[in-house]
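Protein chains: 2
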Amino acid sequence: MEKTDVLIVGGSAAGIVAATTAKSFYSDKSVMLVRKESQVLIPCGIPYVFGTLECSDQDQVPDAVLSNADVKLKIAEVTAIDPKEKICKISDGTEIGFEKLVLATGSTPIKPAWLKGVDLENVFTIPKDKIYLDHFKASLDGITKVVVVGGGFIGVEMADELCKFGKDVTLVEMMPHVLSLAFDPELAVEAEEVLISRGVKLKTGIGVKEINGDHKVTGVTLNDDEILAADAVILSIGYRPNSTLAEKSGFQINKMGFIRVNEYMRTDNPDIFAIGDCASKTSFITRTEKATMLASTSCAEARIAAMNLYKLSTVRLFGGTISIFCTAIGDLAFGAAGVIENLAKERDFDVLTATFKGIDRHPGTLPDTQKQIVKLIVSKESGIILGGEVIGGKSVGELTNLIGFIIQNRMTVDALLTAQIGTHPLLTAPPTAYPLIKAAEMIAKKRRQ
Amino acid sequence: MEKTDVLIVGGSAAGIVAATTAKSFYSDKSVMLVRKESQVLIPCGIPYVFGTLECSDQDQVPDAVLSNADVKLKIAEVTAIDPKEKICKISDGTEIGFEKLVLATGSTPIKPAWLKGVDLENVFTIPKDKIYLDHFKASLDGITKVVVVGGGFIGVEMADELCKFGKDVTLVEMMPHVLSLAFDPELAVEAEEVLISRGVKLKTGIGVKEINGDHKVTGVTLNDDEILAADAVILSIGYRPNSTLAEKSGFQINKMGFIRVNEYMRTDNPDIFAIGDCASKTSFITRTEKATMLASTSCAEARIAAMNLYKLSTVRLFGGTISIFCTAIGDLAFGAAGVIENLAKERDFDVLTATFKGIDRHPGTLPDTQKQIVKLIVSKESGIILGGEVIGGKSVGELTNLIGFIIQNRMTVDALLTAQIGTHPLLTAPPTAYPLIKAAEMIAKKRRQ
């Protein structure tokens, strides 16, 4: 029987970071990563395989990341775990013994069985599977009309990419607005406006009743019986955690189907950890269970699990997901971290909010000036920042990260008002009207009233 | 005698923010701003008046910022302060009475009297003075050869702008490298390479002996007697605080010439505050006095002074300058916050450093991918982040702000390793190789050794 000190199951972002961090922290331990896929794609890059990039080969994670870190790679599927004997069975019939095991088994797109027509030809989902995606992309070649179902960030990105490259795209979202988990309505509307201006047709506030067609898809019937003609349908209505292997091996699974872990990313077995899309998450703010799946957050979980493999550290805990995320539609970028106003109120927080609309260069006469909008959601009682939403140019990615650090440090409005920021005409908003600080000022004023 | 509750002296960034914040916090108080200049320029935008912008009119701060906030504006010079009677004398011979006074008198370019030829025609400095700058710009019209003396950020920006718009520019810096207060040598070299690639001639590690010419400037003699021909010379060798008014009114001035203030931005008179370039500063990290002058930092001081005018708040303190700043040369941006390695060592800190070189998009096959380099300077004993230096695309501005918040929150390497960041192919580095986190990992590894 093959043996390794640390065994990682799953080769996407979480698995890779867990493997390399484990090797970095415990350099005398052997680390092996087992994954099903012969090639791994950068998950967030997948929508861009459909246009901006020439092909999926350009979106690959090179295996050198693993070999350079002295991580052994095995392409195989783990079929069973024996937590007591510390053995994994793999698809070729052999076994691998381990001291510590990290489950990073990821997630699978939801393809609802109850939806009529879901198995028709040219109905696609977006799995992290190169072979499937290459076939999917090839199938779109002769096709004109595409309906994307689900207006989360993957649906929005896919719709925009396909539209940019000549398809006639309709995006259908059941909720009143796209991206409604990350943005309050008044900011989500801005994303919708950009999508429409770029040619995407939007159907929001309405669900899909069935997918039409005999053999191949011909259209989609909405809940109000409107029929949208379609040569292809893309389902981006969410992902379910790959927790079957863990469940049948006796691990606790939470109500949403995630492998239950604590703040060290440990399962109920102290030698076995779970991270990424398959691992349970709690909201940093609301402390309720979340189904958030983000590669970047997975990487934080992976580092934490790997550092705690052999020695627990109370300063290396995962404090709960802040659902931090950003995306871009054309030249406009969108980012969010923490709770949105709607969710905060739903969860019984007494909040104050403020939105400042500024610009991301100064003076605004500079060539590549974009608008920059920052909305802050703040606890009325304590002044602690609970959430932020941002719209602007491409610096929105790092500005969102800045807000993420503000939330993770439980900073208050007062801390923002006294904080030093750096500004530059060609790079940022003006120091006198830096939207993040101005939004904090507006809230400070409301708190005094 | 005219009377106001709050009187602000000085109309640049600090003065404006102090006035508007005072009005926002103490809405029942009358606020007046007195300034000499009829029109105010955005200070950091001044170098761009020489090329990127058509004229200085495009770099103006509109007075509407004041009138919209119900701040009374008076164009005049304050000639004397009577701190006891709470009266300012102004240039038209009248007086203004106040309850609270905020000095935001700014700074003036250094034009050393000992330097021969300093008063020749076509020797310029870069004051925040629209009339002077308009004349200066007009004078450059028929001119080819320009020598810029001083390779701090203003010198670098001026050199690059003038070069971009067809001048033959030589930048002379006495220190071994340009930008050497903000960057350690190995990063400063990258700025030098970009400058050279864009056509700026560099002379580093050598000072200026004298400026040549009879009436008009004809050249510059360096300390090694090399003569650089020049039709114009621009001195960007630093600024001195405008503290003469305060000094003759009996306020304490520190050794560097700044008006001494405490963490509430109060002078030794509890009703009189000083902020911005004229106010004393202590380093957040080294706790020694600093001569840093940055509009963005001034705005933080301005908010703090204004909020503390009538009621002191222990949560609204200025904790010391982190010297946070960013700039751009062409497509490459540079940012820094906290201490550089050289200074930390000079000040007796035991530090560990690490530099990670990555990219700012993912995959790197995406069109506008730039390199992204992050260097961290960390206390070996505590793991607390003391400084960061960044090079990359335009998101460097906000990434520097992120590092600024990390420093101001006294975050540790462990806090970085467990932090959640958001990433996106079109906006940021990959989650598996986010340079800030990777640099923290490298330092964590060194701390374990």
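From first to last, the protein sequence lines are chains A and B. The numbering of the first sequence is the working numbering, which starts it at 4 and goes up by one. The numbering of the second sequence is the working numbering, which starts it at 4 and goes up by one. Every residue, glycine too, gets a C-beta built ideally from N, C-alpha and C. Bear in mind that the values here come from a model prediction, so they are computed numbers and not experimental data.
**Message:** Which residue wins for smallest C-alpha separation from Ser316/B, given the options Gly425/A, Leu420/A, Met310/A?
**Reply:** Minimum Cα distance to Ser316/B is reached at Leu420/A.
**Message:** List, in chain order, every chain A residue whose beta-carbon is nearer than 9 Å to that of Lys92/B.
**Reply:** When 9 Å is used as the limit between beta carbons, Lys92/B is near no residue of chain A, the shortest such separation being about 28 Å.
**Cross-chain neighbours of Ser27/A in chain B, by beta carbon under 7 Å** = Within chain B, the C-beta atoms nearer than 7 Å to that of Ser27/A come from Glu444, Lys448, in chain order.
**Asked** Which term fits Arg319/B, buried or exposed, when burial requires 16 or more other beta carbons within 10 angstroms of its beta carbon?
**Response** Buried is the call here.
**Request:** Kindly list, in the order they appear in chain B, the residues whose Cβ is closer than 9 Å to that of Leu420/A.
**Result:** Those within 9 Å of Leu420/A in chain B are Thr24, Ala303, Arg306, Ile307, Met310, Arg319.
**Asked** Candidates Val64/B, Glu384/B, Ser286/B: which alpha carbon is nearest Gln423/A's?
**Response** Looking at the Cα atoms, Ser286/B is the closest of the given residues.
**Asked** By DSSP, does Met35/B sit in helix, in strand, or in coil?
**Response** In the structure shown, Met35/B falls within a strand segment according to DSSP collapsed to helix, strand and coil.
**Asked** Cys58/A by DSSP, collapsed to three states: which one?
**Response** Of the three classes helix, strand and coil, the one that applies to Cys58/A here is coil, per DSSP.
**Message:** Can you confirm whether Gly425/A, when its beta carbon is compared against all beta carbons of chain B, has any partner nearer than 7 Å?
**Reply:** At least one C-beta of chain B is nearer than 7 Å to the C-beta of Gly425/A.
**Message:** Please confirm whether Gln452/A has its beta-carbon closer than 7 Å to some beta-carbon of chain B.
**Reply:** Not one beta carbon of chain B lies nearer than 7 Å to the beta carbon of Gln452/A.
**Asked** Residues of chain B with CB under 8 Å from Phe53/A, in chain order?
**Response** The premise fails here: Phe53/A is roughly 12 Å from chain B at the closest Cβ pair, so nothing lies under 8 Å.
**Prompt:** Between Ile237/B, Phe156/B, Arg38/B, which lies nearest to Ile146/B when the distance is taken from Cα to Cα?
**Reply:** Restricting attention to Ile237/B, Phe156/B, Arg38/B, the CA atom closest to the CA of Ile146/B is found in Ile237/B.
**Item:** N-terminal and C-terminal residue of the alpha helix (DSSP H) that Ile410/A is part of
**Value:** Residues 399 to 411.
**Item:** Same chain only: Cβ atoms within 7 Å of Glu250/B, ignoring 5 sequence neighbours per side
**Value:** Leaving aside the five residues that flank Glu250/B on each side, the residues in its chain whose CB is nearer than 7 Å to its CB run, in chain order, Ile256.
**Request:** Tell me, to the nearest whole angstrom, how far the beta carbon of Cys329/A is from that of Thr431/A; I am working on the premise that it is less than 8 Å.
**Result:** About 17 Å separates the two Cβ atoms, so there is no contact after all.
**Request:** Look at the Cβ atom of Asn245/A, then the Cβ atom of Ser110/A, and state whether they are nearer than 7 Å.
**Result:** Note that the C-beta distance between Asn245/A and Ser110/A is below 7 Å.
**Message:** Pop quiz: Asp62/A and Ile45/A are said to be a contact at Cβ under 8 Å. What is the actual Cβ separation, rounded to whole angstroms?
**Reply:** Between Ile45/A and Asp62/A the Cβ distance is about 5 Å, and since that is below 8 Å, they are a contact.
**Prompt:** Alpha carbon to alpha carbon, what distance is there between Thr426/A and Glu292/A?
**Reply:** If you take the alpha carbons of Glu292/A and Thr426/A, they lie about 38 Å apart.
**Message:** Are the CB atoms of Phe53/A and Leu165/A within a distance shorter than 7 Å?
**Reply:** In contact: Leu165/A and Phe53/A (Cβ atoms closer than 7 Å).
**Message:** Quick check: Ser59/A and Leu123/A, are their CB atoms within less than 7 Å of each other?
**Reply:** One thing to note: Ser59/A has its Cβ no nearer than 7 Å to the Cβ of Leu123/A.
**Asked** Exposed or buried, what is Ser70/A when buried is set at 16 or more other beta-carbons lying within 10 Å of its beta-carbon?
**Response** In this structure Ser70/A is exposed. Its beta-carbon is surrounded by fewer than 16 other beta-carbon atoms within 10 angstroms.
**Message:** By the DSSP assignment, the beta strand (DSSP E) with Asn215/A in it spans what residues?
**Reply:** Its beta strand (DSSP E) spans residues 211 to 216.
**Request:** Could you tell me whether any non-hydrogen atom of the ligand COA is closer than 6 Å to the CB of Val121/A?
**Result:** For the ligand COA, the structure offers nothing, since it holds no ligand at all.
**Asked** Taking only beta-carbon atoms, is Cys329/B less than 7 Å away from chain A?
**Response** Yes, Cys329/B counts as interfacial toward chain A.
**Cβ neighbours of Val410/A in the same chain (closer than 6 Å, five flanking residues each side left out)** = With the sequence shown as reference, residue 410/A is identified as Ile, and Val is not the correct amino acid for it. Only Ile325, Ala340, Gly341, Ile388 meet the Cβ criterion.
**Neighbour list for Asn404/A in chain B, Cβ cutoff strictly below 7 Å** = Residues of chain B with a Cβ closer than 7 Å to the Cβ of Asn404/A are, in chain order, Leu405, Ile424, Gly425.
**Asked** Would you report the Cα separation of Thr300/B and Gly279/B, rounded to the nearest angstrom?
**Response** Cα-Cα distance, rounded: 7 Å.
**Message:** Within 10 Å of its beta-carbon, does Asp452/A have 16 or more other beta-carbons around it, so buried, or fewer, so exposed?
**Reply:** According to the sequence provided, residue 452/A is Gln. The question's Asp does not apply to it. By the neighbour-count rule (16 or more Cβ atoms within 10 Å), Gln452/A is not buried but exposed.
**Asked** Would you report the Cα separation of Ile209/B and Val172/B, rounded to the nearest angstrom?
**Response** Rounded to whole angstroms, Ile209/B to Val172/B spans 16 Å at the Cα level.
**Item:** Residues of the segment 131 to 145 of chain A with Cβ closer than 9 Å to any Cβ of chain B, in chain order
**Value:** Residues: none.
**Request:** Compute the beta-carbon to beta-carbon distance between Val149/B and Ser239/B, rounded to the nearest angstrom, for a pair I have assumed lies under 8 Å.
**Result:** Val149/B to Ser239/B, Cβ: 12 Å. No contact.
**Prompt:** Counting contacts by CB-CB distance shorter than 7 Å, is Gln255/A in contact with chain B?
**Reply:** Output row for Gln255/A: interface = no.
**Asked** Which bits of chain A does Ser239/B rub up against, with CB to CB less than 9 Å?
**Response** Residues of chain A passing the Cβ test: none, with the nearest at roughly 16 Å.
**Sequence-distant residues of the same chain with beta carbon closer than 7 Å to Arg243/A, five excluded per side** = Excluding residues up to 5 positions away in sequence, Ser110, Thr111, Ile113, Gly260 lie with their Cβ nearer than 7 Å to the Cβ of Arg243/A in the same chain.
**Message:** Tell me which residues share the same chain as Arg290/B and place their Cβ nearer than 8 Å to its Cβ, disregarding the 5 neighbours each side in the sequence.
**Reply:** The beta carbon of Arg290/B is closer than 8 Å to those of Gly323 in its chain, skipping five residues each way along the sequence.
**Asked** Can you tell me where the alpha helix (DSSP H) with Arg450/B in it begins and where it stops?
**Response** Segment 438 to 451, the alpha helix (DSSP H) holding Arg450/B.
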